[in-house]
Amino acid sequence: MGTMERYSKVGMQELDQRLSKIVEAARKKPVSVYRYGAPWVWIVSQDDWQGALKEVSSYIPPGHSLVLLRPQIDDLFDAHADLLHELNAQPGMLIPAQTVMHILLLQLLYSVPSEQQLFEQLNYNLLFRWFVGLGLNQKVWSYNVLSRDIATLLNEPRAVLLIQKIIGEVFCGALLQMPEFSLNFALLHTWLGKHACAPHVSN
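Residue numbers (full-length UniProt numbering): 1 to 203.
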């Protein structure tokens, strides 16, 4: 039996006794270390580890509608940089306002029914992580932080109107028929209803 095959799976006792040989074998093939009969850790080479840390964007289809429309969304955010700067200065805001708006756009576009499910999606949905700017291994904010910052932003009428503007100008017409999206107009109207008398966001 070759070295790679011999050490593809080891127990804790064997690891203690033959550490140097097992580490050497791991340079060619990852080694799974078992503890109490269950997988515990992996020993992998530097090359294998770097390969596992690909950017999220490498997993996203380049022809996905969200990818194709992203530049238009970013242009609208750039046009309202002053507003975003003001929103970032809101007391207690820990997540950048533009990031929170990206998260809220995802909630609308995919009809995510609750903030808890939105939080869960941000943990494992690569498309969601890419859209809000989270790296592959970057930890998501706590649910309490996310929920609080969402509430802060939704209490600001100009923020909600900017979200409406993005939906109206980017996700309009035939785009709403794209199978990727299931836009929740009722949720958007609920957010807008809190600020019925607010002025429109300027161009």
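Note that CB positions come from ideal geometry on N, CA and C, so glycine has one too.
| Query | Result |
| --- | --- |
| Cβ-based burial, residue 1 [other Cβ within 10 Å; buried from 16] | Confidence at residue 1 is low in this model, with a pLDDT of 38, below 50, so the placement of that residue is unreliable and no value is reported for it. |
| 8 angstroms Cβ cutoff met for residue 27 and residue 83 | no |
| Beta-carbon proximity check, residue 56 vs residue 43, cutoff 8 angstroms | no |
| Residue 35 - containing beta strand (DSSP E), residue span | 31-35 |
| Within 8 angstroms, strictly: CB atoms of residue 164 and residue 136 | no |
| Distance, residue 48 Cα to residue 112 Cα | 35 angstroms |
| Best match in 147, 128 and 29 for proximity to residue 94 [C-alpha to C-alpha] | 147 |
| Three-state secondary structure assigned by DSSP to residue 141 | coil |
| Inter-residue spacing [alpha-carbon to alpha-carbon] between residue 170 and residue 23 | 52 angstroms |
| Beta-carbon spacing of residue 150, residue 76 below 8 angstroms | no |
| Rounded Cβ spacing between residue 92 and residue 190 (contact assumed at less than 8 angstroms) | In fact, because the Cβ distance is near 23 angstroms, the residues do not count as touching under 8 angstroms. |
| Chain-order list of residues whose beta-carbon lies under 6 angstroms from that of residue 140 (same chain, five-residue window excluded) | 122 and 123 |
| Span of the beta strand (DSSP E) around residue 11 | 9-11 |
| Residue 22 (DSSP reduced to helix, strand or coil) | helix |
| Residue 179 versus residue 196: straight-line alpha-carbon distance, rounded | 31 angstroms |
| Three-state secondary structure (DSSP) of residue 41 | strand |
| Inter-residue CB distance, residue 213 and residue 73 (contact presumed, cutoff 8 angstroms) | Here the chain covers residues 1 to 203 and nothing more, so residue 213 does not appear. |
| Residue 86 versus residue 98 - alpha carbon distance | 11 angstroms |
| Alpha-carbon spacing of residue 68 relative to residue 185, whole angstroms | 22 angstroms |
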